[in-house]
Amino acid sequence: MDWEELHTNLPSLMTFLTVARLGRFTAAADSLGINHATVSRRINGLEKVTGQRLLLRSQSGWEITAEGRQVFEIAEEIEQSLAKLVSDDTSNAVTGTVRIGAPEAFTGHIAVPVLARVQREHPGLDVELFTSTQRARQNRSGLDLEIVVGKPEVPRAWERPLVEYQLKLYATQSYLDQHGRPATLQELGQHRLNYYVEAILLVQDLDAALTKLPQMRPGLASTNVYAHLTATLESAGIGLLPDFVADAHPDLVNVLSEEFAHPATYWAVVRQESLRNPAVATVYQALRDYADGGVSVQPGHSPTVR
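Numbering (full-length UniProt numbering), first residue to last: 1 to 306.
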């Protein structure tokens with residue numbers, strides 16, 4: 001791509017950058033203040049100019065191809081250079097935007113308190129959190145940092161365990177009074193389970209928890225852990241919930257506490273090239289410090305960072 005082509009396609013490069021980060025054309029259109037057709041036209045035009053397929057559709061949205069990774073990195077460099085032109089900050093303060101994908105429970109109970117502290121120390125740092133419970137993406141997706149459940153295997157990436165927790169069974173006392181408290185795992189077959197939609201549950205460690213349980217009737221199945229929590233608080237069944245989430249609610253009773261607890265671990269995945277960005281390195285280090293501090297997630301309290 002020569003200078004004339006680059007100059008002409010700057011809007012397309014920035015549009016591609018936004019789609020890669022957000023994973024969806026509609027989300028990119030809303031972010032940029034343009035329509036879906038314009039996003040599609042710009043991406044198609046950029047692919048014609050580069051002669052490469054830059055994006056591929058996956059179950060979780062649009063992901064960057066191997067060829068698109070180089071274009072993405074160039075677009076990031078251009079974005080950072082343009083940001084310097086309009087920045088009044090001439091100090092060495094950490095600035096820029098870090099985009100993190102993480103499950104809802106990790107985001108609400110761990111990431112937000114930790115990152116709020118980082119932002120207080122670095123006012124020029126922006127953080128965008130995208131909540132989802134899925135496997136780590138094999139191709140770079142525009143996320144600077146991913147938090148996943150279970151050990152990931154991603155080429156050219158750093159992987160590190162952050163927080164251990166347990167999935168346990170919970171119900172309200174009113175539910176147990178009405179439907180009976182199961183005394184054994186086998187008796188769970190008479191109850192509804194509030195958990196993920198099994199047909200689309202792609203995280204092995206979360207799916208493995210179900211193999212330890214008898215077949216239960218689906219309760220309110222959802223892709224969102226807080227829906228499981230709310231359904232359980234509303235006495236709509238027994239919830240299979242992270243202990244650090246459920247234990248913050250005194251109305252919930254841990255059912256079969258001696259017979260069942262499924263261990264799980266949140267892992268951080270960050271690609272090597274992302275760590276060259278001081279903003280990403282700062283956020284990653286803050287989460288590492290939290291993990292290295294050995295601080296457990298206390299119900300109803302924000303975690304602290306050393």
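Here a beta-carbon is modelled for each residue, glycine too, at the ideal position from N, C-alpha and C.
The structure presented is a predicted model; accordingly, all values stated were derived computationally and were not measured.
Own chain partners of residue i with C-beta closer than 7 Å, once the 5 adjacent residues on each side are dropped
| i | result |
| --- | --- |
| His36 | Phe25, Thr26, Ala29 |
| Ala93 | His122, Gly124 |
| Gly300 | Low per-residue confidence applies at Gly300: pLDDT is 41, beneath 50, and the placement is therefore not dependable, though the value from the model is reported in the following sentence. For Gly300, where only same-chain residues beyond five positions count, the Cβ hits under 7 Å are Ala248. |
| Ala209 | Leu167, Leu240, His262 |
| Val118 | Leu125, Thr282, Val283, Ala286 |
| Asn224 | Glu104 |
| Val203 | Thr133, Gln134, Arg135, Val149, Gly150 |
| His179 | His191 |
| Gly61 | Gly23, Arg24 |
Close Cβ partners of residue i (< 6 Å) along its chain, the five nearest in sequence each way excluded
| i | result |
| --- | --- |
| Ala221 | Val197 |
| Thr172 | Ser235, Asp251 |
| Phe130 | Gly101 |
| Thr232 | Tyr170, Asn194, Gly239 |
| Ser12 | Arg42, Gly45, Leu46 |
First and last residue of the uninterrupted alpha helix (DSSP H) at residue i
| i | result |
| --- | --- |
| Leu188 | Careful: Leu188 lies outside any alpha helix (DSSP H) and carries neither H nor E. |
| Phe16 | 10-22 |
| Val39 | 36-50 |
| Ala258 | Reading the sequence as shown, one finds Glu at residue 258 and not Ala. Careful: Glu258 lies outside any alpha helix (DSSP H) and carries neither H nor E. |
| Ala227 | 225-233 |
| Arg288 | 278-292 |
| Ser274 | Element bounds for Ser274: n/a, residue is neither H nor E. |
| Leu206 | 204-211 |
| Ser31 | 25-32 |
Chain-order list of residues whose beta-carbon lies under 8 Å from that of residue i (same chain, five-residue window excluded)
| i | result |
| --- | --- |
| Gln52 | Thr65, Glu67, Gly68, Val71 |
| Thr90 | For Thr90, the predicted model reports a pLDDT of 47, less than 50, meaning its position is unreliable and no value from the coordinates is stated. |
| Glu79 | Met14, Leu17 |
| Pro214 | Leu185, Gln186, Leu188, Gly189 |
Which listed residue (the options) has its alpha carbon closest to that of residue i
| i | options | result |
| --- | --- | --- |
| Thr38 | Thr50, Glu128, Val19, Leu56 | Val19 |
| Ala183 | Gly23, Leu256, His249 | Leu256 |
| Ala261 | Gly293, Ser174, Ala248, Lys212 | Lys212 |
| Phe106 | Leu287, Ala208, Asp292 | Leu287 |
| Tyr266 | Asp205, Glu259, Gln119 | Asp205 |
| Ala75 | Leu188, Gly61, Asn9 | Asn9 |
| Arg21 | Gln134, Leu145, Glu104 | Leu145 |
| Asn277 | Trp62, Glu77, Gly45 | Glu77 |
| Leu143 | Arg99, Asp207, Asp292, Leu55 | Arg99 |
| Asp243 | Leu46, Ser12, Tyr175, Val163 | Val163 |
| Val127 | Ile147, Arg120, Gly237, Thr97 | Thr97 |
| Tyr226 | Asp292, Glu63, Val245 | Val245 |
| Leu176 | Gly237, Gly108, Thr50, Leu54 | Gly237 |
Distance between residue j and residue i (C-alpha atoms, nearest Å)
| i | j | result |
| --- | --- | --- |
| Thr15 | Ile43 | 7 Å |
| Arg41 | Ser81 | 25 Å |
| Val253 | Ser58 | 39 Å |
| Ala102 | Glu159 | 14 Å |
| Ala264 | Met216 | 21 Å |
| Leu32 | Leu188 | 49 Å |
| Ala116 | Gln190 | 44 Å |
| Leu193 | His228 | 9 Å |
| Asp207 | Ser174 | 28 Å |
| Glu259 | Leu185 | 7 Å |
| Ser274 | Ile200 | 30 Å |
| Val305 | Arg181 | Low confidence applies to Val305: its pLDDT is 34, below 50, so where it sits in the model is not reliable, and the reading given next is rough at best. Looking at the two C-alpha atoms, the distance is approximately 39 Å. |
| Gly108 | Ile147 | 13 Å |
Opposing strand residues paired with residue i [DSSP bridges]
| i | result |
| --- | --- |
| Val253 | Ala171 |
| Tyr165 | Ala264 |
| Asp243 | Per DSSP, none; premise fails for Asp243. |
| Ile238 | Leu193 |
| Val130 | The sequence given here places Phe at residue 130; Val does not occur at that position. Answer is Gly101, bridged to Phe130. |
| Val269 | Glu146, Glu159 |
| Arg217 | Arg192 |
| Leu125 | Gly96 |
Residue range of the unbroken beta strand (DSSP E) whose run includes residue i
| i | result |
| --- | --- |
| Arg102 | Checking the displayed sequence, the identity of residue 102 turns out to be Ala instead of Arg. Ala102 -> beta strand (DSSP E) spans 96-102. |
| Ser58 | 55-58 |
| Leu145 | 145-149 |
| Glu63 | 61-64 |
Contact test: residue i Cβ vs the ligand NAD heavy atom, cutoff 7 Å
| i | result |
| --- | --- |
| Leu275 | No copy of the ligand NAD appears in this structure; indeed no ligand is present at all. |
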